[in-house]
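Input: a single structure, listed below in structure tokens.
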Amino acid sequence: MPGTRKLGRDTAHRTAMLRAMVTFLLENGKIETTVTRAKEVRSLAEKMITIAKEDTLHNKRLVMAFVTKESVVVKLFKEIAPKYADRTGGYTRITKIGPRRGDAAEMAIIELVD
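The numbering of the sequence shown is numbering that gives the first Met the number 0, which starts it at 0 and goes up by one.
Structure, rendered in structure tokens:
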């Protein structure tokens with residue numbers, strides 16, 4: 000698990016939350032969350048894209064063990080990973096958008112780079 004941020008959750012809850020957020024990011028292209036969560040999601044999403052750049056059965060099983068929707072895995076291997084075949088990293092961008100209204104947490108949008 001990349002990073003040492005606990006995000007105020009126990010291990011199982013944190014892992015489930017990050018898996019869901021990575022799946023949602025790969026499915027929709029961008030998500031809005033706190034800056035701290037965005038940094039963790041970026042790390043995991045970039046690892047999934049890097050693994051998917053080589054289309055092997057082993058890599059599909061690695062990604063399917065983490066991403067929660069099979070349709071997102073297919074999209075990752077067929078559409079997203081080939082788009083980044085010539086890049087060695089930096090597949091996502093984090094843009095800060097200011098504080099959240101309720102508790103003033105610093106918010107950000109994380110999106111896949113075109």
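The beta-carbon is built from N, C-alpha and C at its ideal position, and this holds for glycine as well.
Report yes if the C-beta distance between M20 and V34 is below 7 Å; otherwise report no. Judged by their CB atoms, M20 and V34 are not nearer to each other than the 7 Å cut-off.
Are the beta-carbon atoms of T22 and K68 separated by less than 7 Å? Yes, they are a contact pair.
Counting Cβ pairs closer than 8 Å, one from the stretch 45-63 and one from the stretch 73-81, do we hit at least three? Yes: the two stretches touch, three or more of their Cβ pairs being nearer than 8 Å.
Are there 16 or more other CB atoms within 10 angstroms of the CB of R86, so buried, or fewer, so exposed? The residue in question, R86, is exposed, as its Cβ has fewer than 16 Cβ neighbours within 10 Å.
Assigned secondary structure, A103 (DSSP; H/G/I helix, E/B strand, else coil): A103 falls in the coil class under three-state DSSP.
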